[in-house]
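**Student:** Below are the structure tokens for one structure; questions will follow.
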Amino acid sequence: MNRSMLFAALSLMLAAGGVLAQPYPNKPVRVVIPWPPGGSNDVVGRIVLQKVGESLGQQFVIDNRAGAAGTIGADVVAKAPSDGYTLMVHSTTHVGNASLYKKLPYDTLKDFAGVALLAAQPGVLTGHPSLPVKSVSEFITLAKSNPGQINYSSSGNGSAPHLSMALFISMTGIKLVHIPYKGGGPQVTALMSGETQASLATISTVLTHINAGRLRALGVSSPKRSGVLPAVPTVAEAGVPGYEMNPWIAVFAPAGTPRDIINRLNAEVNKALRLPDVSQNLAGQALDPWFSSPEEFDARLKADYEKYAKLIKLTSAKIE
Numbered sequence: 394m395n396r397s398m399l400f401a402a403l404s405l406m407l408a409a410g411g412v413l414a415q416p417y418p419n420k421p422v423r424v425v426i427p428w429p430p431g432g433s434n435d436v437v438g439r440i441v442l443q444k445v446g447e448s449l450g451q452q453f454v455i456d457n458r459a460g461a462a463g464t465i466g467a468d469v470v471a472k473a474p475s476d477g478y479t480l481m482v483h484s485t486t487h488v489g490n491a492s493l494y495k496k497l498p499y500d501t502l503k504d505f506a507g508v509a510l511l512a513a514q515p516g517v518l519t520g521h522p523s524l525p526v527k528s529v530s531e532f533i534t535l536a537k538s539n540p541g542q543i544n545y546s547s548s549g550n551g552s553a554p555h556l557s558m559a560l561f562i563s564m565t566g567i568k569l570v571h572i573p574y575k576g577g578g579p580q581v582t583a584l585m586s587g588e589t590q591a592s593l594a595t596i597s598t599v600l601t602h603i604n605a606g607r608l609r610a611l612g613v614s615s616p617k618r619s620g621v622l623p624a625v626p627t628v629a630e631a632g633v634p635g636y637e638m639n640p641w642i643a644v645f646a647p648a649g650t651p652r653d654i655i656n657r658l659n660a661e662v663n664k665a666l667r668l669p670d671v672s673q674n675l676a677g678q679a680l681d682p683w684f685s686s687p688e689e690f691d692a693r694l695k696a697d698y699e700k701y702a703k704l705i706k707l708t709s710a711k712i713e
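The opening residue of the sequence shown carries number 394 in this note's numbering; numbering runs sequentially from there.
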């Protein structure tokens, strides 16, 4: 190799080394949120990733790509470069969609890398005050004595409230009548009016009414008590051992994103979740922070994928 060729080779190596050594992130990061502004995914994503951006010295720019239960935005991320500059904030709906839709333009497990869980958004078994029960066990007893006579509302077929109650029904052997509504607002309105007598609603949608005594909380769906309803037992401890439905909001990246970037982002997310103002803001949304490693999130993702698939098959819920 002559001197000029050697010089050229060394120059290329140094240039490549310079590229590899560039700190991450060295430009703004796009965060796709496949839901409209103002919803839980959007609010949580903004709260946490703003802090991550401040810590890393770069902007994390929110890009709301709503539509088709989050599948439009998810497809954008699945097809994005796996360089750490496109992320996604999505909920447990992401795994449910794999079974709700006949066909998706991406593979829910293979086309994404889990970065970190952000928050838990559990449900709470809630009864209308006219229902003569004050506990989970009393509700089960009443339902068994009156099969098919109690209506429960959900925010739609295949929604977290629907599947959470479906699991509760399957584990207790009771018979309830499902009345799906288009969204959490109508779901709660029906419960408030007495059109339905029960619901396993997301805590954030009913917390104000519970605190005001307009609705009665019987048990939370998470494996431990909620920080915003500490006096309310879990469904498991209140009479249904093993029951757990704990929907989440989390950060994803395209599959193939370098592991060092995943680990860096995970550490920054967990650091942000420990900040007092972040915890306070999440509590204001009736959400509990959820700390995880990438490996723990991956295990949860796969477990919920299977769990939701079984529940959706049980309920025959579908979206064409």
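In this text, a Cβ means the ideal position worked out from N, Cα and C, and glycines have one as well.
If you're wondering where the values come from, they're calculated on a predicted model, not measured in any experiment.
Would you mind giving the Cβ-Cβ distance between W641 and L518, rounded to the nearest angstrom? I have them listed as a contact below 8 Å.
**Tutor:** Start at 1 with the first residue of the sequence shown, and residue 641 comes out as number 248. Start at 1 with the first residue of the sequence shown, and residue 518 comes out as number 125. Incorrect: roughly 19 Å between the Cβ atoms, too far for contact.
**Student:** From D504 to A471, what distance separates their C-alpha atoms?
**Tutor:** The count along the sequence shown starts at 1 and reaches residue 504 at position 111. The count along the sequence shown starts at 1 and reaches residue 471 at position 78. About 6 Å.
**Student:** Between which two residues does the alpha helix (DSSP H) holding F561 run?
**Tutor:** As a working note, residue 561 is residue 168 in the sequence shown. Unbroken alpha helix (DSSP H) run through F561: 553-565.
**Student:** Could I get the ranges of all uninterrupted alpha helix (DSSP H) runs contained in the region 450-519, with 4 residues as the minimum, in chain order?
**Tutor:** Correct list: 464-471, 486-493.
**Student:** Does the structure place the region 478-495 close enough to the region 415-423 that three or more beta carbon pairs sit under 8 Å?
**Tutor:** Because the criterion of three Cβ pairs below 8 Å is met, the region 415-423 and the region 478-495 touch.
**Student:** If you run the structure through DSSP and keep just helix, strand and coil, what is N550?
**Tutor:** The residue given as residue 550 occupies position 157 in the sequence shown. Three-state result, N550: coil.
**Student:** To which residues of the same chain is V488 closer than 7 Å at the C-beta, ignoring the five residues directly before and after it?
**Tutor:** Position 95 of the sequence shown, counted from the start, is the residue given in the question as residue 488. For V488, where only same-chain residues beyond five positions count, the Cβ hits under 7 Å are T501, L694, D697, Y698, Y701.
**Student:** Under a three-way DSSP split, which group does P790 fall into?
**Tutor:** Residue coverage of the chain in this structure runs from 394 to 713, which leaves residue 790 outside it and unanswerable.
**Student:** Contact check, A513 vs S597 under 8 Å by CB: the rounded distance?
**Tutor:** In the sequence shown, the residue the question calls residue 513 occupies position 120. In the sequence shown, the residue the question calls residue 597 occupies position 204. That pair is no contact at about 11 Å.
**Student:** What do you get for T601, buried or exposed, if any count of 16 or more other CB atoms within 10 angstroms of its CB means buried?
**Tutor:** Within the sequence shown, the letter at position 208 stands for residue 601. Exposed: under 16 other Cβ atoms inside 10 Å.
**Student:** In chain order, what residues of the same chain lie with their CB nearer than 6 Å to the CB of L593, ignoring the 5 residues before and after it?
**Tutor:** Here residue 593 refers to the residue found at position 200 when the sequence shown is read from its first residue. Cβ neighbours of L593 beyond the five flanking positions: G516, L518, P554, S557, M558.
**Student:** Just reading off the alpha helix (DSSP H) that P687 is part of, what are its end residues?
**Tutor:** Position 294 of the sequence shown, counted from the first residue, corresponds to residue 687. Taken as a continuous stretch (DSSP letters only), the alpha helix (DSSP H) holding P687 covers 687-708.
**Student:** With a threshold of 8 Å on Cβ separation, who are the neighbours of L403 within its own chain once the five nearest residues in sequence on each side are excluded?
**Tutor:** Stepping through the sequence shown from its first residue, residue 403 is reached at position 10. The predicted position of L403 is uncertain, since its pLDDT is 49 and thus under 50; no value can be drawn from it.
**Student:** Expressed to the nearest angstrom, what Euclidean distance is found between the alpha-carbon atoms of D456 and W428?
**Tutor:** Within the sequence shown, numbered from 1, the residue matching residue 456 stands at position 63. Within the sequence shown, numbered from 1, the residue matching residue 428 stands at position 35. The straight-line gap from Cα to Cα measures roughly 10 Å.
**Student:** Out of I705, A629, N674, which has the shortest C-alpha to C-alpha gap to V621?
**Tutor:** As a position in the sequence shown, residue 621 is number 228, starting the count at 1. The shortest Cα separation from V621 among I705, A629, N674 belongs to N674.
**Student:** Please go through the same chain and pick out, in chain order, the residues whose beta-carbon is closer than 8 Å to the beta-carbon of L535, but skip the five residues on each side of it.
**Tutor:** As a position in the sequence shown, residue 535 is number 142, starting the count at 1. Answer for L535: L524, P525, V526, I543, listed in chain order.
**Student:** What would DSSP say about L413, mapped onto helix, strand or coil?
**Tutor:** On the sequence shown, position 20 is the one that residue 413 refers to. Low confidence applies to L413: its pLDDT is 47, below 50, so where it sits in the model is not reliable, and the reading given next is rough at best. Reduced to three states, the DSSP call for L413 is helix.
**Student:** Excluding sequence positions up to five away, which residues of its chain have a Cβ less than 7 Å from the Cβ of P669?
**Tutor:** Within the sequence shown, residue 669 is the residue found at index 276, counting from 1. Excluding sequence neighbours, P669 sits near nothing in its chain.
**Student:** For S672 versus P682, is the C-beta distance shorter than 8 Å?
**Tutor:** As a first step, residue 672 is located in the sequence shown; it is residue number 279 there, counting from the start. As a first step, residue 682 is located in the sequence shown; it is residue number 289 there, counting from the start. Yes, Cβ-Cβ distance for S672 and P682 is below 8 Å.
**Student:** Please classify P540 as buried or exposed, where buried requires at least 16 neighbouring CB atoms within 10 angstroms.
**Tutor:** As a working note, residue 540 is residue 147 in the sequence shown. Its Cβ having fewer than 16 others within 10 Å, P540 is exposed.
**Student:** Can you say whether K664 is buried or exposed, counting buried as having 16 or more other CB atoms within 10 angstroms of its CB?
**Tutor:** Taking the sequence shown and counting its residues from 1, one reaches residue 664 at position 271. So K664 counts as exposed.
**Student:** Going by alpha carbons, who is nearest to V436 out of G677, K703, E661?
**Tutor:** As a first step, residue 436 must be located in the sequence shown, where it is residue number 43. The residue with the shortest Cα to Cα distance from V436 is G677.
**Student:** In its own chain, which residues sit with a C-beta less than 6 Å from the C-beta of G577, not counting the 5 before and 5 after it?
**Tutor:** Your numbering for residue 577 matches position 184 in the sequence shown. Within the same chain, G577 has close Cβ partners S548, T598.
**Student:** Quick one: grab the DSSP three-state call for N544.
**Tutor:** Within the sequence shown, the letter at position 151 stands for residue 544. Three-state result, N544: strand.
**Student:** Once the 5 residues before and after V454 are set aside, which same chain residues still bring their CB inside 8 Å of it?
**Tutor:** Within the sequence shown, the letter at position 61 stands for residue 454. Excluding sequence neighbours, V454 sits near P421, V422, R423, V424.
**Student:** For a test of the three-state rule: what should DSSP assign to G635, helix, strand or coil?
**Tutor:** Locating residue 635 in the sequence shown gives position 242, counting from the first residue. G635: coil per DSSP, three-state reduction.
**Student:** For P647, which option in D468, P430, Y417, T589 has the closest C-alpha, if you only look at C-alpha atoms?
**Tutor:** To locate residue 647, count along the sequence shown from 1; it is residue 254. When only C-alpha atoms are compared, the closest one is D468.
**Student:** Hey, out of A462, P474, L666, K575, whose CA is closest to N490's CA?
**Tutor:** Here the question's residue 490 lines up with position 97 in the sequence shown. Checking every option, the nearest Cα to that of N490 belongs to A462.
**Student:** In the structure shown, what three-state DSSP assignment does S592 receive?
**Tutor:** Locating residue 592 in the sequence shown gives position 199, counting from the first residue. Of the three classes helix, strand and coil, the one that applies to S592 here is strand, per DSSP.
**Student:** Got a sec, what are the start and stop residues for the alpha helix (DSSP H) I426 sits in?
**Tutor:** Taking the sequence shown and counting its residues from 1, one reaches residue 426 at position 33. Segment 422-426 is the beta strand (DSSP E) holding I426; no alpha helix (DSSP H) there.
**Student:** Can you give the Cα-Cα distance for V508 and A679, rounded to whole angstroms?
**Tutor:** Here residue 508 refers to the residue found at position 115 when the sequence shown is read from its first residue. Here residue 679 refers to the residue found at position 286 when the sequence shown is read from its first residue. Approximately 23 Å, taken between the alpha carbons.
**Student:** For the alpha helix (DSSP H) holding A660, just list the boundary residues, first then last.
**Tutor:** In the sequence shown, the residue the question calls residue 660 occupies position 267. Segment 652-666, the alpha helix (DSSP H) holding A660.
**Student:** From the DSSP output, read off the bridge partner residues of F645.
**Tutor:** Translated into positions along the sequence shown, residue 645 becomes position 252. F645 is bridged to M481, G507.
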